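Asks: Line order of the protein sequences matches chains B and A. If you read the first sequence in my numbering, its first letter stands for residue 1, the second for the next number, and so on. If you read the second sequence in my numbering, its first letter stands for residue 1, the second for the next number, and so on.
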Amino acid sequence: MAVRLGFGYASRTPASVSFLGGSRGGREDVAGSMAQALTDAEIVRLVVEGKTDAFETLVTRHQAQVFKIVGRHVPRAQVEEVAQDVFVRAFTSLATFSERAPFHHWLASLAVRTCYGFWREAYRSRETPMSALSEEGQKWVEHVLTVQADRSFHQQAAAQEAQTVLHWALDQLSPENRTVLTLVYLEGLSVREAAALLGWSQVNVKVRAHRARLRLRTLLLGLAEERGTP
Amino acid sequence: MKPSNPAREEKIRKLFEHLQAAHRSRPAPEAGPSWRAGLMRAVSRSRPSERPAAGSFPLDRLVWRTAMAASLVACLLVGYLLAQPESADLVASLLFDDPAETLVASLSDL
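1) Between the Cα of glutamate 187 (chain B) and the Cα atoms of A:Arg24, A:Leu19, A:Ser87, which residue gives the shortest distance?
2) Cβ of leucine 15 (chain A) within 9 Å of Cβ of leucine 220 (chain B)?
3) Skipping 5 residues on each side, what residues in its chain have a beta carbon closer than 7 Å to that of alanine 195 (chain B)?
4) State the Cα-Cα distance for the pair alanine 101 (chain B) and valine 74 (chain B), rounded to the nearest angstrom.
5) By the three-class DSSP mapping on this structure, what secondary structure does alanine 22 (chain A) have?
6) Could you name the residues of chain A that glutamine 163 (chain B) contacts, counting a contact when the two beta carbons are closer than 8 Å?
7) Near valine 79 (chain B), which residues of its chain fall below 8 Å by C-beta distance, leaving aside the five closest residues on each side in sequence?
8) Determine, using beta carbons only, whether valine 88 (chain B) comes closer than 9 Å to chain A.
9) Going straight from the alpha carbon of glutamate 56 (chain B) to that of valine 180 (chain B), what length do you get?
10) Taking 8 Å as the limit between beta carbons, can you name the residues of its chain near arginine 215 (chain B), skipping five residues before and five after?
11) Comparing alpha-carbon positions, which option in B:His167, B:His62, B:Lys51 lies nearest leucine 110 (chain B)?
12) Cβ of phenylalanine 67 (chain B) less than 9 Å from any chain A Cβ?
13) Would you say glutamate 86 (chain A) faces chain B, with C-beta separation under 9 Å as the test?
14) Applying the criterion that 16 or more other CB atoms from any shown protein chain within 10 Å of the CB defines a buried residue, is tyrosine 116 (chain B) buried or exposed?
15) Heavy atom of the ligand FMN less than 8 Å from the Cβ of arginine 126 (chain B), yes or no?
16) Between alanine 37 (chain B) and glutamine 20 (chain A), what straight-line distance do the alpha-carbon atoms span, to the nearest angstrom?
17) Out of curiosity, what's the CA-to-CA distance linking glutamate 17 (chain A) and leucine 72 (chain A)?
18) I need the DSSP call for serine 134 (chain B), collapsed to helix, strand or coil.
19) Going by alpha carbons, who is nearest to histidine 210 (chain B) out of B:His167, B:Val191, B:Arg124, B:Val88?
20) Closest Cβ-Cβ distance between serine 44 (chain A) and chain B: below 9 Å?
21) In whole angstroms, what separates the C-alpha of isoleucine 43 (chain B) from that of alanine 28 (chain A)?
22) Under 6 Å Cβ to Cβ from threonine 92 (chain B), same chain only, skipping five residues before and after it: list those, please.
23) Would you say tyrosine 185 (chain B) faces chain A, with C-beta separation under 9 Å as the test?
24) Do we get a CB-CB distance below 9 Å when we pair alanine 67 (chain A) with the residues of chain B?
25) Please confirm whether alanine 64 (chain B) and glutamate 10 (chain A) have their CB atoms less than 9 Å apart.
26) Can you find the residues in the same chain that come closer than 7 Å, C-beta to C-beta, to tryptophan 106 (chain B), ignoring five residues on each side of it along the sequence?
27) Nearest-angstrom Cα distance between serine 134 (chain B) and alanine 41 (chain B)?
28) Nearest by alpha-carbon distance to valine 59 (chain B): which of A:Ser93, A:Arg47, A:Val43 is it?
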């Protein structure tokens with residue numbers, strides 16, 4: 001099964017950063033340069049056997065992709081922290097990597113599940129009620145609905161206000177619905193791909209996606225009715 | 001879901017497409033200069049879990065793998081018992097909380 005999210009690259013990507021860092025011994029450096037030539041699965045075996053320094057090579061290879069996934073799921077201020085959680089979880093559960101799927105698929109799944117866990121925790125500890133959409137966000141909605149042509153489509157999308165409205169809308173959803181909506185409707189993954197990443201059944205993802213879309217539709221309808229011109 | 005008002009549906013579609021584009025236009029963040037060092041410190045404090053020994057099979061996985069078959073067998077067994085005319089008294093005693101004598105008598109009949 002092809003899982004997207006920007007992981008379509010060879011697993012033998014040469015590492016650009018020194019394997020063990022400059023301060024380590026020469027013998028380990030030799031091992032490090034050797035690790036750079038190994039596949040992900042071979043490095044995983046090395047780490048599980050106790051050569052934990054080899055893990056840095058995996059970080060180097062997959063850091064950009066993990067940041068890309070995490071950056072699309074959690075607020076910018078939390079990206080580094082969540083990305084670190086992803087790699088620490090990967091390190092502590094490397095023994096469960098079965099090699100049936102490529103390492104980057106396994107890591108992508110771990111990244112998505114960590115983001116889902118982030119939102120579950122965030123919602124659990126949320127003390128303040130969900131806020132109303134800011135004035136800037138409301139103005140953006142009004143502007144989008146009144147602009148006729150798609151000429152400024154990209155400018156509209158790139159606007160900070162668009163992100164404000166998007167975050168506001170996603171904040172109204174449960175962590176489950178938020179994650180599924182992000183994967184299926186915003187990222188464009190198939191139900192099967194989203195289910196594989198989350199480790200849920202396809203039926204569960206389908207039901208959640210349907211509910212999330214209905215909820216989003218209600219939210220957008222409210223915005224459109226409130227701010228849109230007839 | 002049947003679109004009732006085309007103008008309203010168009011507004012929703014337009015907003016959704018813009019939000020989708022906004023999501024996709026989010027730039028991929030990059031790690032700060034000290035991020036890698038912090039990560040490797042956190043990693044050095046953790047320990048990787050050990051790979052299960054060859055041939056070993058975790059009990060929890062066994063339970064989940066056999067759950068469906070076990071449920072099916074249980075359903076078939078219940079269906080078979082309910083279909084037996086001799087078990088009617090037994091079922092009635094179980095459902096309607098008959099005295100223990102009825103239950104014992106039914107069991108002895110079976």
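Beta carbons: idealized from backbone N, C-alpha and C, even for Gly. Since this is a predicted model, take the numbers as computed values, not measurements.
Replies: With the given structure in hand:
1) For the residues A:Arg24, A:Leu19, A:Ser87, the minimum Cα distance to glutamate 187 (chain B) belongs to A:Arg24.
2) yes
3) If you ignore the 5 residues before and after alanine 195 (chain B), its C-beta comes within less than 7 Å of the C-beta of Ser201, Gln202, Val205, all in its own chain and listed in chain order.
4) 26 Å
5) helix
6) Ala22, Arg26
7) Phe67, Val70, Gly71
8) yes
9) 31 Å
10) Once the five neighbours on either side are set aside, the close Cβ partners of arginine 215 (chain B) are Gln172, Leu173, Asn177.
11) Out of B:His167, B:His62, B:Lys51, the CA that lies nearest to the CA of leucine 110 (chain B) is found in B:His62.
12) yes
13) no
14) buried
15) Annotation note on the ligand FMN: not contained in the displayed structure, which lists no ligands.
16) 39 Å
17) 46 Å
18) Coil at serine 134 (chain B), not helix or strand.
19) B:Val191
20) yes
21) Isoleucine 43 (chain B) and alanine 28 (chain A) have their C-alpha atoms spaced approximately 26 Å apart.
22) Exclusion of the five residues before and after threonine 92 (chain B) leaves no residue of its chain whose Cβ lies closer than 6 Å to its Cβ.
23) yes
24) no
25) no
26) Phe97
27) 48 Å
28) A:Val43
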